[in-house]
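Structure, as structure tokens:
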Amino acid sequence: MQQMFSPMMLFFVLALATAAVGFAAETQTKTAAATVVVATKNSSARARAMADFVGHGVGDQEEINAAIQSLPEVGGTVLLMDVIEIADETGGNNPIILGQNVLVNSTVDHKKGNLLAPAAHGR
Numbered sequence: 114m115q116q117m118f119s120p121m122m123l124f125f126v127l128a129l130a131t132a133a134v135g136f137a138a139e140t141q142t143k144t145a146a147a148t149v150v151v152a153t154k155n156s157s158a159r160a161r162a163m164a165d166f167v168g169h170g171v172g173d174q175e176e177i178n179a180a181i182q183s184l185p186e187v188g189g190t191v192l193l194m195d196v197i198e199i200a201d202e203t204g205g206n207n208p209i210i211l212g213q214n215v216l217v218n219s220t221v222d223h224k225k226g227n228l229l230a231p232a233a234h235g236r
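Numbering (my numbering), first residue to last: 114 to 236.
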């Protein structure tokens with residue numbers, strides 16, 4: 114009985130399938146909105162463990178901005194855990210920022226397109 118596929122042909126088919134899956138995943142991340150979680154050093158151990166970014170507790174806008182910049186071009190949601198102070202501008206990729214307890218410096222001019230709102234399950 115003759116072999117249906119040579120080892121080289123199998124390698125080529127597997128490489129092509131892997132490339133197609135990688136392309137589909139890359140395309141999806143560029144077009145689908147995402148949710149990114151930001152916690153602080155005072156957050157619970159569980160919240161810190163599930164967070165994508167953990168702030169140091171003072172001026173956490175650096176971590177928040179890093180989270181915003183990690184969102185795909187279509188935007189997404191940044192979920193702020195516990196009490197986070199935003200003392201500087203946020204911006205980029207039209208994020209929706211949800212928080213359990215968010216302190217916003219009233220002198221900060223948040224760029225158009227950002228929505229700061231308490232999370233539905235907030236305290």
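C-beta atoms are modelled at their ideal positions from N, C-alpha and C, and glycine is treated no differently.
- Lys154 has its alpha-carbon roughly 8 angstroms from the corresponding atom of Arg161.
- Buried is the label assigned to Ala180, since at least 16 other Cβ atoms lie within 10 Å of its Cβ.
- By the beta-carbon neighbour count (other beta carbons within 10 angstroms, threshold 16), Glu176 is buried.
- Taking every protein chain shown into account, the CB of Val149 has 16 or more other CB atoms within 10 angstroms, so this residue is buried.
- When C-alpha distances from Met194 are compared across Ala146, Ala147, Gly170, the shortest belongs to Gly170.
- By the Cβ neighbour-count rule, Ala158 is exposed, with fewer than 16 other Cβ atoms within 10 Å of its own.
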